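As structure tokens, the structure follows; a few thoughts come after it.
Protein chains: 2
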Amino acid sequence: MNHDDEKPDRRKRRTRALLRQALMALIVEKGFDAISVQDITDRADVSRATFYLHYADKEELLTRSMREVYDELVETAEKQLDDEVFAAALLHGDHSTFYDATDFQHVVEHEEFYRVLLSEKGVAAFTVMVRDYLAKLVQEQVCLPVSAGGTAARLPPEMVAHAVAGAEIGVISWWLNQGRHHTPEDMAKMFYQLNAFGFWWAMGLDIPAPTANPDPGAPG
Amino acid sequence: MNHDDEKPDRRKRRTRALLRQALMALIVEKGFDAISVQDITDRADVSRATFYLHYADKEELLTRSMREVYDELVETAEKQLDDEVFAAALLHGDHSTFYDATDFQHVVEHEEFYRVLLSEKGVAAFTVMVRDYLAKLVQEQVCLPVSAGGTAARLPPEMVAHAVAGAEIGVISWWLNQGRHHTPEDMAKMFYQLNAFGFWWAMGLDIPAPTANPDPGAPG
DNA sequence: ACGATAATGGACAGTGTGTAGATTATCTCT
DNA sequence: AGAGATAATCTACACACTGTCCATTATCGT
Numbered sequence: 212m213n214h215d216d217e218k219p220d221r222r223k224r225r226t227r228a229l230l231r232q233a234l235m236a237l238i239v240e241k242g243f244d245a246i247s248v249q250d251i252t253d254r255a256d257v258s259r260a261t262f263y264l265h266y267a268d269k270e271e272l273l274t275r276s277m278r279e280v281y282d283e284l285v286e287t288a289e290k291q292l293d294d295e296v297f298a299a300a301l302l303h304g305d306h307s308t309f310y311d312a313t314d315f316q317h318v319v320e321h322e323e324f325y326r327v328l329l330s331e332k333g334v335a336a337f338t339v340m341v342r343d344y345l346a347k348l349v350q351e352q353v354c355l356p357v358s359a360g361g362t363a364a365r366l367p368p369e370m371v372a373h374a375v376a377g378a379e380i381g382v383i384s385w386w387l388n389q390g391r392h393h394t395p396e397d398m399a400k401m402f403y404q405l406n407a408f409g410f411w412w413a414m415g416l417d418i419p420a421p422t423a424n425p426d427p428g429a430p431g
Numbered sequence: 212m213n214h215d216d217e218k219p220d221r222r223k224r225r226t227r228a229l230l231r232q233a234l235m236a237l238i239v240e241k242g243f244d245a246i247s248v249q250d251i252t253d254r255a256d257v258s259r260a261t262f263y264l265h266y267a268d269k270e271e272l273l274t275r276s277m278r279e280v281y282d283e284l285v286e287t288a289e290k291q292l293d294d295e296v297f298a299a300a301l302l303h304g305d306h307s308t309f310y311d312a313t314d315f316q317h318v319v320e321h322e323e324f325y326r327v328l329l330s331e332k333g334v335a336a337f338t339v340m341v342r343d344y345l346a347k348l349v350q351e352q353v354c355l356p357v358s359a360g361g362t363a364a365r366l367p368p369e370m371v372a373h374a375v376a377g378a379e380i381g382v383i384s385w386w387l388n389q390g391r392h393h394t395p396e397d398m399a400k401m402f403y404q405l406n407a408f409g410f411w412w413a414m415g416l417d418i419p420a421p422t423a424n425p426d427p428g429a430p431g
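Chains as they are written, first to last, in the numbering used here: chain A, 212 to 431; chain B, 212 to 431.
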């Protein structure tokens, strides 16, 4: 009846860590699909039977690993954001609150993991899971408070949230593949500025005058 | 020595179409990894031996299908963009040129394909391939011309390009999963506006004043 | 209608899968 | 340090999937 709530036996921890490392290395080399359980246990130097003592199949190994990193991201993000501070910041136009580097920090702490799983050899489920979560975060933490302030959105908030989330994934991928030439703080600031001031500003041009334009969306 | 340049036999076309359809349907149901060649041929109602007459393995079936859609996207995009028209538009501040719905149009024409392959059950390689291409497009067609005009970018153009590309993927996924409640033209316009005027504008607020801020990037 | 080409059915060895039981090695706890 | 618990290993097994082959049948283009 031990639900693994307690910290597991050292042997268990060791074996699981070895298996996860092996999986990551192999994903880089061949991509997830091409990997056999044999490959993983060979690489981890662990008996194949042992693998099945821990996981039903290689999908479960992957999924469990993903979940751990994901859960940590969620926990990190929830801890950081404080609705009241946030709402106040909005009202007073103090946007520096949004230079929030927690996400990028978290990525650095799991750099290898993100680099592999977000890559072309990676796993679509991971990308989508993270992107959807980020979108939800943006929507709940930014879009909703703004709307609650009585402001009418000019574009569908859901779309905006998914755009921002997608952009963050794109930026993170670029960042990790460039060898991380920027600090998480730099990234957070640049990412905020791009979102806030727009593309043309980022490229050094004047901010264009928005054409008077009501929300073309939200039909049905 | 027939290089398949010529239109293949009707039987070939039929079989390949059936196999591709079957693959797509099965990806939705179980995800690519869980599919066996047997599954595909059963679903397509084709002999397993026949499969191997056309493709070495299921990866090749997927890859070839992806390439076709991707190549069509590339062809479409290249045809649309005309550097000179584009540069002129930039100089004269006529941004309506950028309400370019070709991408979104192309997605509609392969709706099922995109919905499946960009989903969590989909294929990371496809997402990354498309995203990288879009980034390259933005960089070459927009960032470069702007820089050539003598303007100094405030953020690394590569980062900006990858952000825009990521955002487009995010927006497309959202669009397809919502049941496509907007026309491609709407999408193109909204997407442009979000990029140009920024997040706060989209949410109905005033555009914030950019803090005077030189490029924090491009170290090394 | 004829020659060319594709599709089929069946069989093959090879590889990976997931399970089980008996045995050995290593942990935890006192 | 030693006893009892638990994990890891080894071996073997039945099963599914793979990729290839060949002889035969069906369908194509002209």
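Ideal placement from N, C-alpha and C gives every residue a C-beta, glycine not left out. Note that the structure is a prediction, hence the values are computed from the model and not measured.
query: With a 10 Å radius around its C-beta and 16 neighbouring C-beta atoms as the bar for buried, classify A:Tyr263 as buried or exposed.; result: exposed
query: With DSSP collapsed to three states, give me the class of B:Met414.; result: coil
query: Between A:Leu405 and B:Val327, what straight-line distance do the alpha-carbon atoms span, to the nearest angstrom?; result: 30 Å
query: Should B:Phe324 be flagged as near chain A, meaning a C-beta pair shorter than 9 Å?; result: no
query: Leaving out five residues on either side along the sequence, give the residues of the same chain with a beta carbon under 7 Å from the beta carbon of A:Val318.; result: Tyr325 and Ile383
query: With a CB to CB cut of under 7 Å and the five nearest residues on each side skipped, what residues in its chain are close to B:Gly377?; result: Arg342
query: For a contact defined as C-beta to C-beta under 7 Å, what are the partners of A:Glu369 on chain B?; result: Trp385
query: For A:Asp244, which three-state DSSP category applies?; result: helix
query: Just to confirm, does B:Leu272 get its C-beta within under 8 Å of one of the non-hydrogen atoms of the ligand ADP?; result: Although the ligand ADP was asked about, the structure shown includes no ligands whatsoever.
query: Could you run through the segment 218-250 of chain B and flag, in chain order, every residue whose CB is less than 9 Å away from some CB of chain A?; result: Gly242, Phe243, Asp244 and Ala245
query: Report the rounded CA-to-CA distance for B:Asp282 versus B:Glu322, giving the unit in angstroms.; result: 16 Å
query: DSSP on B:Pro421, reduced to helix/strand/coil?; result: coil
query: At a CB-CB cut-off below 9 Å, which residues of chain A make contact with B:Arg433?; result: There is simply no residue 433 of chain B to check, as chain B begins at 212 and stops at 431 in what is shown.
query: Using DSSP with H/G/I as helix, E/B as strand and the rest coil, what is A:Asp394?; result: Residue 394 of chain A is actually Thr in this sequence, not Asp. Reduced to three states, the DSSP call for A:Thr394 is coil.
query: Excluding the five sequence neighbours on either side, which residues of its own chain have a C-beta within less than 6 Å of the C-beta of A:Gly242, listed in chain order?; result: Lys332
query: Measure the beta-carbon distance from B:Thr287 to B:Thr313 and round it to whole angstroms, keeping in mind my assumption that it falls under 8 Å.; result: 6 Å
query: Within its chain, find whatever has a CB closer than 8 Å to the CB of B:Ala236; leave out the 5 residues flanking it on each side and keep chain order.; result: Arg254
query: How is A:Gln352 classed by DSSP in three states: helix, strand or coil?; result: helix
query: Between which two residues does the alpha helix (DSSP H) harbouring A:Gly381 extend?; result: Pro368 to Asn388
query: Below 8 Å CB to CB, which residues in the same chain sit around A:Val375 once its five sequence neighbours on both sides are set aside?; result: Leu345, Ala346, Val349 and Asn406
query: Does the distance from the C-beta atom of B:Asp369 to that of A:Trp385 stay below 9 Å?; result: Strictly speaking, residue 369 of chain B in this sequence is Glu, with Asp absent from that position. Yes, these two residues count as a Cβ contact at 9 Å.
query: In whole angstroms, what separates the C-alpha of B:Phe410 from that of A:Ala363?; result: 13 Å
query: Excluding the five sequence neighbours on either side, which residues of its own chain have a C-beta within less than 6 Å of the C-beta of A:Gln316, listed in chain order?; result: Pro395
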